[in-house]
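Everything on this sheet refers to the single structure shown next.
In the working numbering, the protein residues as written are 4 to 132.
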């Protein structure tokens, strides 16, 4: 048995399998929120305001994750390119949250929720721009 073969399998095949398995480690699965929910028509103005605030906070958190990943990707590109996060799960989640906020704003206006601070979903601070 030679060093280039392990249990009848060439080292290059083993390395390729390891690379493929580790390559799937970068990023995470997107979990976007639903734009329309079954209970939307029963939301009170207070509930709408709280969900808008929660969604805006989540958007800010996701933008922070994107910034951190961009910083990590720059270092990993040099050291170990296998672990680069090249998916756009955070962007997908942000898009879903923006759409949900637009729906909530529409519900607030329809319900005459004058106490709800209606701000554009895109107005959440974005330090990347």
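Glycine is no exception: its CB is placed at the ideal position from the N, C-alpha and C atoms. Remember, predicted model here, so these are calculated numbers, not experimental data.
Provide the residue span of the alpha helix (DSSP H) that contains residue i, from first to last.
| i | result |
| --- | --- |
| residue 92 | 92 to 113 |
Consult DSSP for residue i and reduce its assignment to one of helix, strand or coil.
| i | result |
| --- | --- |
| residue 37 | coil |
| residue 48 | helix |
| residue 132 | In this prediction, residue 132 has a pLDDT of 42, which is less than 50 and means its spatial position is unreliable; nothing more can be read from the coordinates. |
| residue 124 | Bear in mind that a pLDDT of 47 at residue 124, under 50, signals an unreliable position, so the number given afterwards is only what the model happens to contain. It is helical. |
| residue 31 | coil |
| residue 117 | coil |
Rounded to a whole number of angstroms, what is the C-alpha to C-alpha distance between residue i and residue j?
| i | j | result |
| --- | --- | --- |
| residue 16 | residue 31 | 27 Å |
| residue 56 | residue 67 | 17 Å |
| residue 131 | residue 61 | In this predicted model, residue 131 has a pLDDT of only 47, less than 50, meaning its place in the structure is not dependable; the value taken from the coordinates is given anyway. Taking the straight line joining both Cα atoms gives about 16 Å. |
| residue 148 | residue 39 | With the chain running from 4 to 132 in the structure shown, residue 148 is simply not present. |
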